[in-house]
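J.:
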Amino acid sequence: MQDRYSRQKLFTPIGEQGQQRLANKHVLIVGVGALGSAAAEALARAGVGTLTLIDRDFVEWSNLQRQQLYTEQDAQQKLPKVIAAKTRLQAINSTIQIHAHIADAYSEQLISLLDGVDIMIDATDNFDIRFMLNDVAQKYNIPWVYGSCVGSYGAYYTILPHSNPCLRCLLTIISNTGMTCDTVGIISPAVQLVAAYQVAEVLKYLVGDTDKLQKKYVMFDVWQNQHHAIAVEAMHNADCPSCGNAPSYPTLDYQNQTKLDVLCGRDAIQIRPAQPITYDLNQLAEQLRPHGDIQQNDYLLSCQAEDYRIVVFKDGRVVIHGVPTIAQAKSIYYRLLG
Ligand SMILES: [Zn+2]
């Protein structure tokens, strides 16, 4: 047992002292899909003392190709991801604490988990949650490492509140094309690379080697052999509602959160996005075609999948028919529309 960290302690920037620090640190991992699985496993093996995991989904067969903590048995049993993850992580390292929360990462929920947290990892799959994470980080002064990947593309960026520009300051360079893993796919090397970079950043921060943190916004494509690092220091916006001089933390305001309403008597759930979205329905039709039969008019598009029907209105409103719970509706919404 004493030797399990020997190779990590030999690595000078960590050393014996860094290893002891890790044992007393607490990382909150938001989402345990592909990125979250990879990050959680690496941090558990590295000996980070406490990991808190939050995720609302259960394990599905299509996850197994890249979500490294899960097995066929987990998918068969439709186990909640955080439960399957915790079991696997404790088998890997029984000496650390793991807190598992089966929940939607809405702001009040996230804030309730922040006690003692040193740094957060963004392992989510959508920008609504990322901007909320961004506001939570700024308001409660907790660093976080943004990460995203789709197809063969990945990006990451480390945000230290009151120190460098926040995610909202970088709106012009982050790419939110609406593409998701469910529409254009994803390969595991893209996931692994983003997670590896995120974990390296977290380890640097936790052992106190903050000078070595990546200051640039990094993006790459492992298939197209592209790698870019963008200097973003100058992008800090003094009027930024999240990190500027008079922050309002817009996503923490209930009015601005994505709204979900159960449409009574229609076996349907309506979702109204936090930010106005105007869909190009023709483009969306191509994107959704693999998922079911498409019907379309000038105002809306309907996609009849095997066990639900999703209707997307041009103004961004979405109604999902045939799903019993809000959580399932939300899951379908983010999977298909990003
Ligand atoms: Zn900002």
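Numbering (our numbering), first residue to last: 28 to 365. Cβ atoms here follow ideal geometry from the backbone N, Cα and C, with glycine treated the same way.
1) Let me confirm a value: Q322 is counted as buried when at least 16 other C-beta atoms fall within 10 Å, else exposed. Which label applies?
2) How is the alpha helix (DSSP H) around R157 delimited, first residue to last?
3) Using the Cα positions of T285 and L279, report the straight-line distance between them to the nearest angstrom.
4) Of the residues L55, Y184, I296, which one's Cα is nearest the Cα of T352?
5) Under a criterion of Cβ closer than 7 Å to any non-hydrogen atom of ligand 1, which residues qualify, in chain order?
6) Which residue wins for smallest C-alpha separation from I129, given the options A356, V221, V57?
7) What is the DSSP secondary structure of A127, counted as helix, strand or coil?
8) Touch check for the region 256-276 and the region 214-228: three-plus C-beta pairs under 8 Å?
9) Thinking just about the alpha-carbon of each residue, which of K52, N51, A69 is nearest to the one in V59?
10) In chain order, what are the residue ranges of uninterrupted beta strand (DSSP E) at least 3 long that sit wholly in the region 206-265?
11) Report yes or no: do the region 310-330 and the region 156-166 share at least 3 C-beta pairs separated by less than 8 Å?
12) Among the candidates V144, H126, E135, Q104, whose CA atom is the shortest distance from the CA of N51?
13) Who are the Cβ neighbours of Q136 in its own chain at under 6 Å, not counting the five residues just before and after it?
14) Are the beta-carbon atoms belonging to C208 and D152 less than 8 Å from one another?
15) In the structure shown, what three-state DSSP assignment does K2 receive?
16) Pull up the distance between the alpha-carbon of H255 and that of G349, whole angstroms please.
17) Could you work out which residue in D236, Q302, K243 is closest to P277 when comparing CA atoms only?
18) Do you know offhand how far N161's Cα is from Y244's?
19) Check each candidate in L78, V75, Q92, Y97 and name the one with the smallest Cα separation from F85.
20) So what's A73 in DSSP terms, helix, strand or just coil?
21) Could you say which of C176, S64, P40 lies nearest to K239 if we only look at CA atoms?
T.: On the basis of the supplied data:
1) exposed
2) 154-167
3) 11 Å
4) I296
5) Counting only heavy atoms of ligand 1, the residues whose C-beta sits closer than 7 Å to one of them are, along the chain, P192, C193, R195, C196, H263, N264, C267, S269, C270, G271.
6) V57
7) strand
8) no
9) Among K52, N51, A69, the Cα nearest to that of V59 belongs to A69.
10) 244-248, 253-257
11) Below 8 Å, too few C-beta pairs join the region 310-330 and the region 156-166 to call them touching: fewer than three.
12) V144
13) Within the same chain, and ignoring the five residues on either side of Q136 in sequence, the residues whose Cβ sits closer than 6 Å to its Cβ are A130.
14) yes
15) Since the first residue of the chain shown is 28 and the last is 365, residue 2 is not available in this structure.
16) If you draw a straight line from the Cα of H255 to the Cα of G349, it comes to about 43 Å.
17) Q302
18) 15 Å
19) Y97
20) helix
21) Of C176, S64, P40, the residue nearest in Cα terms is P40.
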